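Going by mature numbering (1 follows the signal peptide of the UniProt record, and there is no 0), the letters in the sequence shown line up with residues -27 to -1, 1 to 453, in that order.
Accompanying notes for the structure given below.
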Amino acid sequence: MESNAGSNVIAFLHLCIVILFVNQVQATNSSGTFGGCPLSSLPHNPQHVYSYAGRPIESTKMDQIVPLDDIAMIRCRHVGLFKQNGGDTFNCTSEGWSGNVTCTDTNHVTNYTSESLPPAIVWHVAGGGVSVVAAGGQLVLLPGAIVHLDCLFPRLAGNPAWSWTPEYRRYPTGWSLSSSERDLHYRLSVYYARQHDSGTFTCTAPSALTNSITILVKELRCAELVVARSVPESALPAVVFGRRQTRGDDRVIVAGSGTTMGSSRFFTCFDGYVLNGPQQMTCLPSGLWSAAVPPACEVVRCPALPPLPPLVRLRHLSLTAGGVALFACPLSYALTAAPSIVCLTNGTWSAPVPHCKEVVCPAPESPEHGSVSTAALRRVGDVAVYSCDEAFVLQGPRIVTCTNAGTWSKPKPNCVISCQSPGNPRNGRVSPRLLRYRLEAQLLVSCSPGYRPAGPDRLKCLRTGKWSAPLPPCVPVIAG
């Protein structure tokens, strides 16, 4: 018994150790204490922009594990409109991410009226110069740039003050001369920036609250960007009606030039192909392009068709852009929509797959002074039979057939008034011999040998339904 009890205690201790180990691994995977920190565990804040290894963190890279003692850079999304506190890094430690960077509101959230918030700062580079915000929130300029820093503060509430850390020179300050800005923009200007102008520029409001922007001036270039299977946009023929006329070409179309900071490349594909990768790459202040790998063009393919509806037949199928799927139905059935759908250049089908519906002809209309009889459903092959009232005769087909097009084989006939057969005269006959005669029909009266018509030998059926003359008798011919 004592042996069994001891074994149970040992087994229980082993179980506790396993549970502790599993919990440790799970905690490690979420916080990063066991070999690194996942980017996905960085503090989530819509005002934060994170970068790692010189590039902004893409949403598809959030599962990446950062090694211990490595750092992720952080800046406020709108530099100057928010005040960044606590540095610009988060460190991966054995306890997970360590850092206390915050982005606090400035007076822009109160339309620049609050004196209890630090002043907002905006900037613009004159003459189309290049400025890029670095991963830590610094404003990076190329040498020779002219930049204006504007501290936003109501002029009627007093004058803010600019201060700076560079000792290379003094910078002109004062209210903007523009009529639309002079009551709010207290400006500091850096003309033809040089590397010695790098430093922190601070605006202090009359309330002693401050906000700062750090400027870095450096000549910076990225390595020449090599895009496999590419063609410069400038080497292509003109675009006709907004579409490239080349098909079957999987080369990447590259627009843009230069390798200095802020230079960009823009990528597109020929018709029938889609980009696999970024649409744009920009030279960053880190000296890297914004994406690690340039894009490639892949042929556009539409998804496989869903299971076909009952009776629908697939006659042709091409899944590539511009290809078609062609459908048909068996005899006596018709498609509910167009017989083909097209694979579009965005990888979607132009319309859903149609269905097959039994063909039914519309109910035939009875002619005036007549009637029609037909089957109840009027399927393909069914017939409609027309007849006319007494004293009327059909003008048109007596029988029509329901066709596969859902229409009757011939137009509806008319019932027109008719003349009754006058019969044959004694010792004679009429031709043609019918029961009833259509309008305008004519009769020829002929007599037996030795007899002649005692009147006109031709009669015409008039619109009144009467003959143009009474039927003449056949009388003996009197020998002369």
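We put the CB at the ideal spot given by N, CA and C, even for glycine.
None of these values were measured; they are calculated from a predicted model.
Taken atom to atom, the span from the alpha-carbon of Pro443 to that of Ala348 is near 44 angstroms. Excluding its 5 nearest sequence neighbours in each direction, Tyr164 has C-beta neighbours in its own chain below 6 angstroms: Ile119, listed in chain order.
Sequence-distant Cβ neighbours of Val358 in its own chain, meaning closer than 8 angstroms and more than five residues away, are Val345, Ser346, Thr347, Arg371 and Ile372.
For Met46, the uninterrupted beta strand (DSSP E) segment begins and ends at Ile44 to Cys49. The beta carbon of Arg50 sits closer than 8 angstroms to those of Pro19, Gln20, His21, Val22 and Cys76, all from its chain and outside the five residues before and after it, given in chain order. The alpha-carbon of Ser180 is positioned some 37 angstroms away from that of Gly27. Tyr159 is classed as buried because its beta carbon has at least 16 other beta carbons within 10 Å across all chains shown. By the criterion of a C-beta distance shorter than 8 angstroms, Pro312 is surrounded in its chain by Leu299, Phe300, Ala301 and Pro327, once the five residues flanking it on both sides are discounted.
Going by DSSP, Gly229 is part of no beta strand (DSSP E) at all; its letter is neither H nor E. Going by C-alpha positions, Met46 is about 24 angstroms away from Pro139. Pairing Ala93 with Asn80 gives a Cβ-Cβ distance under 7 angstroms.
The Cβ atoms of Ser149 and Arg155 sit closer than 7 angstroms to each other.
Leu114 is the residue among Leu15, Ile314, Leu114 and Pro145 whose C-alpha sits nearest the C-alpha of Gln168. Ala269 sits in a strand when the DSSP states are folded into three classes. With a 10 Å radius around the Cβ and a threshold of 16 neighbouring Cβ atoms, Leu15 comes out buried. At the C-beta level, Asp430 and Val448 stay beyond 7 angstroms of one another.
Between Tyr246 and Val273 the beta-carbon gap is near 6 angstroms, inside 8 angstroms, which marks them as a contact. Within the same chain, Thr175 come within 6 angstroms of Ser136 by CB-CB distance, once the 5 residues on both sides are set aside. With at least 16 other beta carbons inside 10 angstroms of its own, Leu161 counts as buried. Pairwise C-beta distances place the stretch 98 to 117 out of contact with the stretch 200 to 209, as fewer than three of them are shorter than 8 angstroms.
Taken atom to atom, the span from the alpha-carbon of Cys334 to that of Phe365 is near 27 angstroms.
Annotated as distal: Asn397 and Ser421, with beta-carbon spacing of 7 angstroms or more.
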